[in-house]
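Beneath this line is the structure, given in structure tokens, with notes to follow.
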Amino acid sequence: MYFIALATDYDGTLAHDGIVAEKTLAALERFKKSGRKLILVTGRELPDLKRVFPELGVFDKVVAENGALIYTPASEEERAISPAPAPKFVAKLKKRGVKPLSVGRSIVATWEPHQATVLEVIKELGLELEIIFNKGAVMVLPSGINKATGLAAALEDLRLSPHNVVGIGDAENDHAFLQACGCSIAVANALAAVKDTADLVTRGARGKGVEELIEKLVKRDREFVRKARDGILLGSVGGDEVYLTPTDTVLITGSSGIGKSTLATALTERFVENGFQFCVFDPEGDYDGLEGAVRIGDGSSEPTKAQVLDLIEKPDTNVVVNGLALRVNERPDFFADLLPGLGNFRYRTARPHWLVIDEAHHLLPKKRDDTRAILSLELPGTVLITVHPEAISTDALRLVTAVIALGPKAKNVIRAFCQETDTKPPKDIPSPEGERVLFWRPQARKKIAMVKAIEPRQSLKRHSRKYAEGQLDEAGSFYFRGPDNAMNLRAHNLMIFAQIAEGIDDRTWEHHLRAGDYSEWFRRQIRDKELARETAEAEKDEMLSAQESRKHVLDAVRRRYTAPATAPEE
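Residue numbers (the numbering used here): 241 to 810.
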């Protein structure tokens, strides 16, 4: 489920003439039994609320006094988040004949037409107070305190994001908290101004509208995801923008070095802009230095399950899980151990909103027997990145709702996806042109779109330790074979490359040098254009001896990757 909580106003929304109907109360209880949370957001003072609504315990949190007071029914804890009214302010209102006058922990309330008098007193005393209206009620609170700030405090206690909250209300003072929610609903009897700004309007009025909403949320809450608020911009086709949503399972695929990680980086920037929490699983150390995220693990220390789960508890913390210190065959076990706990946390909180799983064929391999048990029934808000879609668990591939294919092999990887998932391939698969990518929703049976994808603003610094000391897979390694294929020496990182290069004979060294193999490996696998350019100079200079060219290349490698750092790496 995506929407974890319902935040509802009381008077005119949940209640009619101050009373909540039995059917409405039953609907609230049904919502709670689905594993979700209930938050009451009201302008009423707490003692009054307890008197008219003794069933208050059905709510997990109560935001009273129009946002100034947080109450937890289970523990009966009260917490004021704004100061008490100034005695001189209350005394002067009474002296000026403002009746009725109610004074709460923070709120001072009366009724129209006393707003003019209240405003005069505020100005006379020079107080930083605001007047909030609610269908004839006049509420006075410290500046900046409203239902939205109260809801934010309640959500912080519950460790929930406003993205995963549906709000429902009817009056002027509901505007702020409704707009703070992932989806805003107005009941049929709401003021016209509230209906105009709400995402949806119920057919029923008051409690019946709440009942109607709850029934739909419990059955199919993803229909309430709004592209305008929750959509992540992927790019554009002509003048039309293309979006992903946190209910999507996305496959980004294409040949190596074609820009998959670059696109994923651009998406993480959009996550940050939109306030979505994300977690990147980074087996190869490609996302070190990613803005807006905390890294755990590096080339010498393994990340732990406890570290990941502790960090994602904080809604405003994004995480990069660097698995460089894990061997290739250890990565699926690490991920398999972590995913159930992560899935349980996501079930309770819908966070992190997005999981980015790079090298997904390593972490969710097809050959693993227990992948179905590891996976939940769905992988919403997940981005799977791979060169080899055919090597990913078929169970995971079948959850994909959006395919993004890059590079010259885009057609092939889409066909491979279709073959693995028994999906009918599209009739016409175009070849990407220029910087564009192919975008396809296999379950929607729509044509493939050619999308000009967004680009990242940050220049992602690829982690040098990955290439210096890590373990590239067989396909990514360099092999010293010699002119007669008499040897098969594998270099799975740059340190091993340098060691082997120093020890091989001149004939073998020059064979690969003149063939341009070194610069090709640096460009394609190490993805270092500058190192490749510097190496290509030595490859083309036939005046260099084997000893001179070897020194030229290895000095460039050591200078860029294996030389001691002058300062500790962040």
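We put the beta carbon where it would ideally sit given N, CA and C, even for glycine.
Please read these numbers as outputs of a predicted model, since none were measured by experiment.
Tell me the residue span of the beta strand (DSSP E) that contains residue i.
i    : result
A247 : 245–248
G581 : It is not in any beta strand (DSSP E) - G581 instead sits in the alpha helix (DSSP H) that spans 571–589.
S501 : Where S501 is concerned, there is no enclosing beta strand (DSSP E), although the alpha helix (DSSP H) it sits in stretches over 500–513.
F373 : 369–374
T626 : 622–626
D762 : According to the sequence provided, residue 762 is Phe. The question's Asp does not apply to it. Premise fails: F762 lies in the alpha helix (DSSP H), 757–764, not in any beta strand (DSSP E).
A377 : 377–382
Is residue i buried or exposed, if buried means 16 or more other CB atoms sit within 10 Å of its CB?
i    : result
L678 : buried
Q659 : exposed
S541 : exposed
Y587 : exposed
A504 : buried
L254 : buried
M727 : exposed
E599 : buried
R697 : exposed
E646 : According to the sequence displayed, residue 646 carries Leu and not Glu. Classification for L646: buried.
Q739 : exposed
D461 : buried
N569 : exposed
A432 : exposed
R510 : buried
Is residue i helix, strand or coil by DSSP?
i    : result
V482 : strand
T661 : helix
G444 : coil
L400 : coil
Y801 : helix
D251 : strand
G297 : helix
E232 : Missing from the structure shown is residue 232; the chain here goes from 241 to 810 and no further.
I472 : strand
K277 : strand
Q557 : Per the sequence shown, the amino acid found at residue 557 is Thr instead of Gln. Three-state DSSP puts T557 in coil, outside helix and strand.
F329 : helix
A324 : coil
E360 : helix
I536 : strand
V458 : helix
V338 : coil
V477 : strand
V465 : coil
R685 : coil
E542 : coil
E777 : helix
G390 : helix
Excluding the 5 residues flanking residue i on each side, which residues of the same chain have their C-beta closer than 6 Å to its C-beta?
i    : result
A807 : At A807 the pLDDT is 37, less than 50, meaning the model places this residue with poor confidence and gives no usable figure here.
V596 : A504, V520, V623
A426 : V434, K435, A438, V441
Q765 : G716
G407 : A247, F417, L418, C421, S424
V560 : V520, D522, Y527, L530, A533, R535
For residue i, list the residues DSSP reports as bridge partners.
i    : result
C423 : V406
M690 : L678
V643 : L491, W680
V303 : V281, I310
E714 : Beta-bridge pairing links E714 to no other residue.
L729 : F720
D522 : N562
I632 : P605
E317 : T312
H256 : I259
I597 : F521, L624
For the alpha helix (DSSP H) holding residue i, just list the boundary residues, first then last.
i    : result
G344 : Neither: G344 is in no alpha helix (DSSP H) and is coded neither H nor E.
D436 : 432–437
M735 : 734–743
T493 : Run containing T493: none in the alpha helix (DSSP H); it sits in the beta strand (DSSP E), 489–494.
V292 : 286–292
L530 : No alpha helix (DSSP H) holds L530; DSSP gives it neither H nor E.
I552 : 545–552
R747 : 746–754
R638 : R638 -> no alpha helix (DSSP H), and no H or E assigned at all.
L784 : Segment: none, L784 is in no alpha helix (DSSP H) and carries neither H nor E.
Take residue i and list the residues in its own chain whose beta-carbon comes closer than 7 Å to its own, dropping the five residues that flank it on each side.
i    : result
V361 : F329, K332, L333, R336
A304 : T282, R284, E285, L286, L289, Y311
D757 : none
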